[in-house]
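The next block holds one structure in the form of structure tokens; read it before the comments.
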Ligand code: BES
Ligand code: ZN
Ligand code: ZN
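Numbering (the numbering used here), first residue to last: 13 to 510.
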């Protein structure tokens, strides 16, 4: 745990004081810090124009000697009226990066500087600890030298009531960041290690001691369950597939569960419709949808949210082996629907189709899919948003509210009957590639998926390909290089409200 709560700062924490400051209007300083020396320090550097308290700004003052601290780190929040919890999360991440760059081992956080924003102590502690843990994350499993610089942070609060709240906040921040960091870790692992079987093993291990029930289906069971579409993708690989089912019952038995479905392609070569070699290594991240669904389930269960929720993850490797499906091959999904595979690189939707049929059979309250489904979503949105697709305005509204609360960025994309109709095939009930090919590719993919959901179940799809990895320049608590855990926080918020 990187963040602790005390009634006064320890000697260790006195190495550096982290102080936040915002603006009452553009370029007008308004800091709530009430520490005598630090307060005047902020003003001094503001007047010198060395620190404008702008969003994302940091200024490290070595040897500042203020209020008993050796060094001071000033962190800008931008316009005070625009400050929300995501602003604090981002600011803490910037601060953590600066502390790491300056080789600080410990620091105290000035809570008075965050006092004017009407956030509860628990909320502040939650985002501070979550952000620190997320920013600290580094994938070191295959490094001989696993040392990486960590900074321990202290929150000092004298009032006993506040301290309790802060401790609770820190604990919850650790739970959510652990879920996200689990998702990042399994996604960052190379595919020669992180096989479908390994993902299932790691999931079972991570869920030990929680209230999650995890069931793993192996190849024989998947075949028996008539998941011909998923099996079609798996058959080109020497690594056998797994279906991972996670169930959590935090509410009354009578309450209908929500279902999450994740694409867990531990590697996507494209299969016989093979991908170009440049950049193909990023396709180890093609399991991010599945990993993020697992991470969300771990967090939801460990937070003890009052919700019933079930997750289905299809862990599969897409390879061009001797047994691989070929363009023109026809697969039969669990629903009996036949699918012509005109492009074996559009494999995610084939894996998800069977999972959606399975999820629909339980008549859940709603189904969400999370998948690195299309390159086209990056063309449409860049990396600033995850694309969301649903025919239900009501569901979109709830998702948007959850994402806003969680500080994640989603953008609604069209999903129309016209997109579904573009997935035609001469030889089978449906094709896995659209006609005209690749036009509105992400919406076509969403349309294909929706054909495997029962009509009476509200459905939304998250295409996270645009935010799967390397998001540090947009979200400083994400790694510059590596998986990010997109939408875990949104799923947690949605579950919290359900
Ligand atoms: N996993 C890819 C999508 C992807 C691309 C994710 C880039 C992240 C970054 C998916 O399986 C895929 O290859 N989709 C094809 C679909 C096409 C063949 C219809 C694509 O996007 O080109
Ligand atoms: Zn593919
Ligand atoms: Zn893929």
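Think of the CB as a built atom: it goes at the ideal place given N, C-alpha and C, for glycine as much as any other residue.
| Query | Result |
| --- | --- |
| Classify residue 227: buried if its beta carbon has 16 or more other beta carbons within 10 angstroms, exposed otherwise. | exposed |
| Nearest to residue 220 by CA position, among 111, 297, 309 and 300, is which residue? | 309 |
| Between the segment 133-142 and the segment 471-482, do at least 3 Cβ pairs fall closer than 8 Å? | no |
| I'd like the list of long-range same chain contacts for residue 437, defined as Cβ closer than 6 Å, with 5 residues on each side in sequence excluded. | 352 and 443 |
| In whole angstroms, what separates the C-alpha of residue 399 from that of residue 312? | 23 Å |
| Given 7 Å as the limit, tell me if residue 358 has its C-beta closer than that to any heavy atom belonging to ligand 2. | yes |
| Would you call the segment 261-272 in contact with the segment 292-299, where contact means no fewer than 3 C-beta pairs closer than 8 Å? | no |
| Just grab the DSSP bridge partners of residue 78 for me. | 81 |
| Quickly, what does DSSP pair residue 273 with across the bridge? List them, please. | 324 and 381 |
| Please identify the residue among 14, 330, 338 and 348 whose C-alpha is closest to the C-alpha of residue 511. | Any question about residue 511 goes unanswered here, given that the chain covers just 13 to 510. |
| Any contact between the segment 28-44 and the segment 70-90? By contact I mean 3 or more CB pairs, one from each, below 8 Å. | yes |
| Answer with yes or no whether the minimum CB distance from residue 265 to chain C is below 8 Å. | This model lacks chain C altogether; it includes just one protein chain. |
| Does the beta-carbon of residue 397 have 16 or more other beta-carbons within 10 angstroms, so that it is buried, or is it exposed? | buried |
| In the DSSP assignment, what are the bridge partners of residue 425? | 401 |
| If residue 284 and residue 440 are in contact, beta carbons under 8 Å, what's the gap, nearest whole angstrom? | Going by Cβ atoms, the distance from residue 284 to residue 440 rounds to 17 Å, so no, they are not a contact pair. |
| CB of residue 280 to nearest heavy atom of ligand 1: below 7 Å? | yes |
| Output the boundary residues of the alpha helix (DSSP H) element that contains residue 19. | From DSSP, residue 19 is part of no alpha helix (DSSP H); its letter is neither H nor E. |
| Would you say residue 319 and residue 242 are within 8 Å of each other, going by their C-beta atoms? | no |
| Under the three-state reduction of DSSP, which class applies to residue 304: helix, strand or coil? | helix |
| Could you round the C-beta distance between residue 211 and residue 258 to whole angstroms and report it? I think they count as a contact, below 8 Å. | The Cβ separation is near 12 Å, so there is no contact. |
| Take every Cβ of the segment 468-475, pair it with every Cβ of the segment 163-170, and state whether three or more of those distances are shorter than 8 Å. | no |
| What are the boundary residues of the alpha helix (DSSP H) that includes residue 156? | Residue 156 -> no alpha helix (DSSP H), and no H or E assigned at all. |
| Please state if the CB of residue 497 and the CB of residue 314 are separated by a distance shorter than 8 Å. | no |
| Output the distance between the C-alpha atoms of residue 503 and residue 90, rounded to the nearest integer angstrom. | 28 Å |
| Rounded to the nearest angstrom, how far is the Cβ of residue 361 from that of residue 460, given a contact under 8 Å? | 5 Å |
| Using DSSP with H/G/I as helix, E/B as strand and the rest coil, what is residue 254? | strand |
| Can you find a heavy atom of ligand 1 that lies under 7 Å from the Cβ of residue 211? | no |
| How long is the line joining the alpha carbons of residue 129 and residue 428, rounded to whole angstroms? | 42 Å |
| Using CA atoms only, rank isn't needed, just tell me which of 493, 356 and 487 is closest to residue 499. | 487 |
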